[in-house]
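In terms of my numbering, the sequence shown opens at residue 2 and continues consecutively. Using N, Cα and C, we set each Cβ at its ideal position, and we do this for glycine too. What follows is a short report on a single structure.
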Amino acid sequence: MDWTKGWIPKSASAGADDLAQAVAAFNAAHGLLELFAGHCELRRTGATNGGEFHGPCPKCGGVDRFMAWPAKGRAWCRRCGTQGDTLHWAMILEGRDPGARGETARFLRERGHLPTKRTTMPHVRKIGPA
Ligand SMILES: [Zn+2]
């Protein structure tokens with residue numbers, strides 16, 4: 002009997018709730034402005050939404066096409082259209098693709114925000130004498 006048939010490892014992937022929690026935890030732990038410090042210089046240009054900052058886009062450059070709202074934890078580029086929360090931009094700054102399947106979970110797992118994946122496939126066991 003093949004005991005692996007139909008067996009889905011419980012820890013194969015983090016649940017959606019775990020991921021949402023990890024995303025929230027990451028965003029709470031990382032300030033948007035601290036994230037961009039060293040990548041681009043942002044100037045405070047207004048008080049909209051708890052403070053608005055403008056500067057060059059970390060992805061496509063420019064002068065002031067990029068806008069960040071640290072209080073909301075979001076940033077947006079008017080030119081390349083890239084927008085997202087702190088986690089999204091953290092991944093972009095490291096050359097990761099937030100849109101790639103499983104990439105966000107991988108990124109969070111590497112930083113200890115998600116439990117380490119224990120098993121993705123059933124272990125291959127040798128049966129009988131080697
Ligand atoms: Zn841009």
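Exposed or buried, what is Gly56 when buried is set at 16 or more other beta-carbons lying within 10 Å of its beta-carbon?
That one is buried.
Could you give the residue range of the beta strand (DSSP E) that holds Arg75?
75-78
Assuming contact is defined by CB atoms lying nearer than 8 Å, are Glu53 and Trp77 in contact in what I supplied?
no
Rank Asn28, Asp19, Pro59 by C-alpha distance to the C-alpha of Lys73 and give the top, closest one.
The shortest CA-to-CA distance from Lys73 to any of Asn28, Asp19, Pro59 is the one to Asn28.
List in chain order: all unbroken alpha helix (DSSP H) runs of 4+ residues lying wholly within the region 41-98.
87-94
Mapping the DSSP letters down to three states, classify Arg102 as helix, strand or coil.
When secondary structure is reduced to three states using DSSP, Arg102 falls in the coil class, being assigned neither helix nor strand.
Is Cys78 a contact residue of ligand 1, with contact defined as CB to any heavy atom under 7 Å?
yes
Per DSSP, what kind of secondary structure is Arg107 in: helix, strand or coil?
helix
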